[in-house]
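Everything below concerns the one structure shown next.
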Amino acid sequence: MVTMSGKPKRLITHSGQFHTDDVFVTALLLQLFPDAEVIRSRDEAVFGTGDIVYDVGKIYDPSRGRYDHHQEQAGRRESGIVYSSFGLVWKEYGVAYCDGNEAVARIIEQKLVTPIDANDNGQAISVPSYEGVYPFTIDDIIGMYNPLRWLHDDGDYDAQFHTAVQLAQGVLSRLRDSIQDSFASQKALLDAYAHAADKRIAVTKKPTEVREVIDQCPELLYVISERPEKTWSILAVPEGAKSFTPRRPFPMTWRGKPAAELSAITSVPDVLFCHVNGFYAVAQSREGAIALAQNALATMD
17 MVTMSGKPKR
27 LITHSGQFHT
37 DDVFVTALLL
47 QLFPDAEVIR
57 SRDEAVFGTG
67 DIVYDVGKIY
77 DPSRGRYDHH
87 QEQAGRRESG
97 IVYSSFGLVW
107 KEYGVAYCDG
117 NEAVARIIEQ
127 KLVTPIDAND
137 NGQAISVPSY
147 EGVYPFTIDD
157 IIGMYNPLRW
167 LHDDGDYDAQ
177 FHTAVQLAQG
187 VLSRLRDSIQ
197 DSFASQKALL
207 DAYAHAADKR
217 IAVTKKPTEV
227 REVIDQCPEL
237 LYVISERPEK
247 TWSILAVPEG
257 AKSFTPRRPF
267 PMTWRGKPAA
277 ELSAITSVPD
287 VLFCHVNGFY
297 AVAQSREGAI
307 ALAQNALATM
317 D
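The opening position of the sequence shown corresponds to residue 17 in the working numbering, with each subsequent residue numbered one higher.
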């Protein structure tokens, strides 16, 4: 868990109905400052006792630990999306939460913080493609944790708030960890490509992220990696980060064939599978996967 010096002891936000921004600010701050007390109140006299006050208080002043976004000085991004309390607090603490990694913090800002800010301020960021069909968002999920009013009596606002905060802590930490993992994966692929004897084939110990670094591997056609099931996959890499078309798909004669028939066609005894769209194949062993990739290259040369 990330911790910091100069730890605040009192975190104050508003009482009553909660929203995604104040829930996620609380989740963020409690992971940075796990010993802090969270106080929910609308009493202005209480606000002055807080080390960090957010989403309430009519003041935005980071130097005083005040992060209310309900006034003009809170500002907006260059994109036009207005900050909520989550975005304001993330500007102050996001990089620290990501262990000093600005790139990870920036991706979380794009993926999670900005959409939450937009929703809190009533700014639409997507247009439905199908009438009556809408995304089920993190805002919908957090909103459900407010106490139900008609059919059930399932707790007070404070209790439900802390339940929602626990959920948000898991989402936030998992997102951070998954982005850090993705960066490690991309580095592993770039290292494998740099050291490959044949730049058309790269082999990694674990599944790797391809799309984000594909432009840095111009000769790469196949990525081989061990799957969790201890078999080995061969990915025909896409033409670009936004493309689903492989640079070099597997031969038409391989696609969708049963393992026994595929083995006879490819002369690779332990081949298990080739996707009907020609972008993915599986072999039982590392050696089999490499042989399958080399066979694909020879077949299409």
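Beta carbons are placed, not taken as given, at the ideal position from N, Cα and C, and that holds for glycine.
Everything numeric in this text was worked out from a predicted model, so none of it was measured.
Restricting attention to beta strand (DSSP E) runs no shorter than 3 residues, the segment 283–311 encloses them at 287–290, 296–299, ordered along the chain. Apart from sequence neighbours up to five positions away, the residues of its chain that approach residue 301 with a beta-carbon distance below 7 Å are 248, 286, ordered along the chain. Looking at the DSSP output, residue 251 sits in a beta bridge with 239, 296. In this structure, residue 294 keeps its C-beta atom at 8 Å or more from the C-beta atom of residue 274. The DSSP-derived three-state label of residue 27 is strand.
Just so you know, the alpha carbons of residue 161 and residue 167 end up roughly 14 Å apart. Only residues of its own chain outside the window of five on either side were considered, and among them none has a CB closer than 6 Å to the CB of residue 183.
Bridge partners of residue 217 according to DSSP: 238. Cβ-Cβ separation between residue 118 and residue 129: approximately 14 Å, too far for a contact (criterion under 8 Å).
When the Cα atoms are used, residue 122 and residue 97 turn out to be separated by approximately 15 Å. Positions of the alpha helix (DSSP H) runs, each at least 4 residues long and wholly inside the segment 123–153, are given as 130–136 in order along the chain.
DSSP places residue 264 in no alpha helix (DSSP H); its state is neither H nor E. Judged by their CB atoms, residue 314 and residue 308 are not nearer to each other than the 8 Å cut-off.
At the C-beta level, residue 131 and residue 141 come within 8 Å of one another. Judged by DSSP secondary structure, residue 108 falls outside any beta strand (DSSP E) and instead within the alpha helix (DSSP H) spanning 101–113. Between residue 28 and residue 57, the CB-CB gap stays under 8 Å. The shortest C-alpha to C-alpha distance from residue 291 to any of 266, 310, 226 is the one to 266.
Judged by pairs of C-beta atoms under 8 Å, the segment 234–241 touches the segment 214–222, as three or more such pairs exist.
Excluding sequence positions up to five before and after residue 206, its CB lies within less than 8 Å of the CB of 229, 232, 233, all in the same chain and listed in chain order.
Rounded to whole angstroms, the Cβ separation of residue 250 and residue 213 is 17 Å, and the two are not in contact under 8 Å.
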